[in-house]
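In terms of my numbering, the sequence shown is residues -12 to 61.
First comes the structure, then the notes that go with it.
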Amino acid sequence: MLITLQTLSVFGLIWTMTKGGPSNKSTTAAAVRLPAAFQFSQLGYGTALALLLLLVGGIFSLVYLRTLRLGDQP
């Protein structure tokens, strides 16, 4: 679960090494939101992407917790 949540928020490594790669092949949602918000002054778009990532991470967390809870019952 922690690896999934960390994968959703990977930014530093991708941006440092490739800035999205050739033809944006290694671009993730986290690597899109920060440049959109600060380089292109689209704060609303960057915030919407951050909230989307938060919701996706929350949904994954709920599914994971429910799976753990169902596994404990005989």
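From the three backbone atoms N, C-alpha and C, an ideal C-beta is built for every residue, glycine too.
In this text, all values refer to a predicted model and were calculated from it rather than measured experimentally.
request  = Indicate the three-state DSSP secondary structure (helix, strand or coil) for Gly31 in the structure shown.
outcome  = One-based indexing of the sequence shown puts residue 31 at position 44. Under the three-state reduction of DSSP, Gly31 is assigned to helix.
inquiry  = Would the segment 44 to 55 count as touching the segment 15 to 35 if we require 3 or more Cβ pairs under 8 Å?
reply    = Too few Cβ pairs lie closer than 8 Å, so no.
key: Burial state of Arg56, where buried means 16 or more other Cβ atoms lie within 10 Å   = In the sequence shown, the residue the question calls residue 56 occupies position 69. It counts as exposed.
inquiry  = According to DSSP, simplified to helix, strand and coil, what is Val(-3)?
reply    = Here residue -3 is taken as the residue at index 10 of the sequence shown, counted from 1. It is coil, neither helix nor strand.
query = Just how far apart, CA to CA, sit Arg20 and Asp59?
reply = Start at 1 with the first residue of the sequence shown, and residue 20 comes out as number 33. Start at 1 with the first residue of the sequence shown, and residue 59 comes out as number 72. About 39 Å.
Close-in-space but distant-in-sequence residues of the same chain around Ala23 (CB under 6 Å, 5 per side omitted) = As a working note, residue 23 is residue 36 in the sequence shown. Cβ within range, chain order: Gln29, Tyr32 and Gly33.
Close-in-space but distant-in-sequence residues of the same chain around Leu(-8) (CB under 6 Å, 5 per side omitted) = Position 5 of the sequence shown, counted from the start, is the residue given in the question as residue -8. Excluding positions up to five away in sequence, the list reads Gly44.
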